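Report on one structure; see the data block that follows.
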Amino acid sequence: MTDFSTWFEGLYRTYYAALLAAAERKLSRRELAEEAVQETFLRLWARSERLEKHPNPGGWLMVTLSHVVGHTVRDEAHYVLALPERLPAPPYAPFSLSEVLPAGLSPQERDILLLFYERRRSYREIAQILQISVSNCGARLNRARNRCRALWPGPPG
1 MTDFSTWFEG LYRTYYAALL AAAERKLSRR ELAEEAVQET FLRLWARSER LEKHPNPGGW
61 LMVTLSHVVG HTVRDEAHYV LALPERLPAP PYAPFSLSEV LPAGLSPQER DILLLFYERR
121 RSYREIAQIL QISVSNCGAR LNRARNRCRA LWPGPPG
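So, in structure tokens, the structure goes:
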């Protein structure tokens, strides 16, 4: 092995673990930290003629790593995840709202909730179907929602 190879390998063995730990703390992802440390050692290799005589190569490595990490953080902030043109539709099991409404609702409450949520009728249309005023329709729908919330068993588990 040449003097340069010995020098470089010595620096690598001495500082790699400390550089990796510092990069991991700042980047929070091991693979990005490893890439940053590798980039730091590549820069050392490229500037080896000047840096062989450097009084503090460990300090140079840390400062260089901090610059590489800064660039990585900045690049990650601007990284945009490319999504496919069309995402696959999630699995869908059709169900009727009447199947999931709580059992304690009155028939009138069930009817108004089904008309509004399942059949997507407007207040005016529901009022005409039930032969009531539009404001009365809103009040009944609000009471039915509140009663439904009160009877709802809550999330499983």
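Throughout the sequence shown, residue numbering follows UniProt numbering, covering 1 to 157 in sequence. Built from N, CA and C at the ideal position, the CB exists for glycine as well. These figures come from a predicted structure and were not determined experimentally.
Burial state of residue i (16 or more Cβ within 10 Å)
| i | result |
| --- | --- |
| V100 | exposed |
| T14 | exposed |
| V68 | buried |
| F95 | exposed |
| A21 | exposed |
| A82 | exposed |
| V37 | buried |
As assigned by DSSP and simplified to three states, the class of residue i
| i | result |
| --- | --- |
| N142 | helix |
| T72 | helix |
| G157 | With a pLDDT of only 45 at G157, under 50, the local geometry of the prediction cannot be trusted, and no value is derived from it. |
| Y16 | helix |
| N136 | helix |
| T2 | coil |
| R147 | helix |
| F95 | coil |
| E34 | helix |
| H54 | coil |
| L114 | helix |
| S48 | helix |
Alpha carbon of residue i to alpha carbon of residue j, nearest angstrom
| i | j | result |
| --- | --- | --- |
| S122 | F116 | 7 Å |
| F4 | L42 | 14 Å |
| S66 | T2 | 29 Å |
| Q131 | E125 | 10 Å |
| A18 | A93 | 53 Å |
| S48 | F8 | 8 Å |
| P88 | Y12 | 47 Å |
| R25 | G10 | 24 Å |
| G104 | R120 | 23 Å |
| Y79 | P107 | 54 Å |
| Y16 | H54 | 18 Å |
Close-in-space but distant-in-sequence residues of the same chain around residue i (CB under 7 Å, 5 per side omitted)
| i | result |
| --- | --- |
| L141 | I112, F116 |
Residues near residue i by beta carbon distance below 6 Å, same chain, minus five either side
| i | result |
| --- | --- |
| W45 | none |
| E118 | L97 |
Sequence-distant residues of the same chain with beta carbon closer than 8 Å to residue i, five excluded per side
| i | result |
| --- | --- |
| L51 | L44, P57, W60 |
| A127 | S133, V134, N136, C137 |
| P153 | P102 |
| V73 | K26, L27 |
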